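In the numbering used here, the protein residues as written are 4 to 158.
Ideal Cβ placement from N, Cα and C applies to all residues, glycine included.
Only a predicted model underlies this, so the values are computations on that prediction, with no experimental measurement involved.
Here's the structure we're looking at; comments come further down.
What follows is the structure in C-alpha cells.
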C-alpha cells in the first residue's frame with residue numbers, strides 16, 4: 004500500500020511539472036508577440052491571468068513585464084511614467100529576492116534594453132547580459148533556446 008501511494012504521489016508531482024513546463028512554454032511564446040501590437044499584449048496579459056502556477060517569482064516577473072510592455076499603448080504620459088516606475092521597481096524587487104533566476108534577469112534585460120533613455124532604467128543591462136551568458140548553460144534546453152533566440156536579435 005505504501006508503494007502504491009509513493010508511486011501515485013510521484014506521478015502527481017511529475018504531472019504537475021509537465022503542466023508547469025507546458026504553461027511556461029506557452030507564456031514564452033506569447034511574450035515574444037506581446038510587443039508587436041496592443042491586441043497581442045492584451046492577449047498575453049489575459050493568458051497570464053489563467054495560469055494556475057501559484058507563488059512563482061517567474062510568473063510574477065512575466066506579469067510585471069506584460070504590464071511594462073502594455074504601458075507603451077497608454078496615451079497619458081504622466082500615467083505611463085508613474086506605472087513604469089511602479090512596475091520597474093516591482094521587477095527589481097523580484098530580482099533582488101531571486102538573483103540567480105536567469106529567466107527573470109533576462110526579462111529585466113529586455114525591458115531595460117527597450118526602455119527609452121530618458122527613463123534611466125538601464126543600469127543593469129550589462130550586468131544582466133553577462134550573468135545570463137555566464138550561467139545559461141546550467142538551464143534546460145527550452146530556456147536556452149528561448150533566450151538565445153532573442154539575444155541573437157538584440158546584439
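key: Option in 117, 90, 141 with minimal Cα separation from residue 154   = Put simply, of 117, 90, 141 the residue whose alpha carbon is nearest the alpha carbon of residue 154 is 117.
ask   = Between the segment 45-61 and the segment 118-129, do at least 3 Cβ pairs fall closer than 8 Å?
value = Output reads no: the segment 118-129 does not touch the segment 45-61.
From 152, 25, 59, residue whose alpha carbon lies closest to that of residue 100 = Looking at the Cα atoms, 59 is the closest of the given residues.
Delimiting residues of the alpha helix (DSSP H) encompassing residue 115 = Unbroken alpha helix (DSSP H) run through residue 115: 105-117.
request  = Look at the Cβ atom of residue 51, then the Cβ atom of residue 66, and state whether they are nearer than 8 Å.
outcome  = The answer is yes: Cβ separation under 8 Å.
task = Could you work out which residue in 142, 106, 88, 149 is closest to residue 121 when comparing CA atoms only?
result = Taking only the C-alpha atoms, the option nearest residue 121 is 88.
message = Buried or exposed, going by whether 16 or more other CB atoms sit within 10 Å of the CB of residue 149?
response = Label assigned to residue 149: buried.
ask   = Should residue 54 and residue 72 be called a contact, given that it needs their Cβ atoms to be closer than 8 Å?
value = No, Cβ-Cβ distance for residue 54 and residue 72 is not below 8 Å.
task = Put residue 42 into one of helix, strand or coil per three-state DSSP.
result = In the structure shown, residue 42 adopts helical secondary structure according to DSSP, grouped into three states.
key: Bounding residues of the alpha helix (DSSP H) (the contiguous stretch that carries residue 157)   = Element bounds for residue 157: 144-157.
Inter-residue CB distance, residue 159 and residue 64 (contact presumed, cutoff 8 Å) = The displayed coordinates of the chain run from 4 to 158. Any statement about residue 159 would go beyond what the structure contains.
task = Reducing DSSP to helix, strand and coil, say where residue 52 ends up.
result = Three-state DSSP puts residue 52 in a helix.
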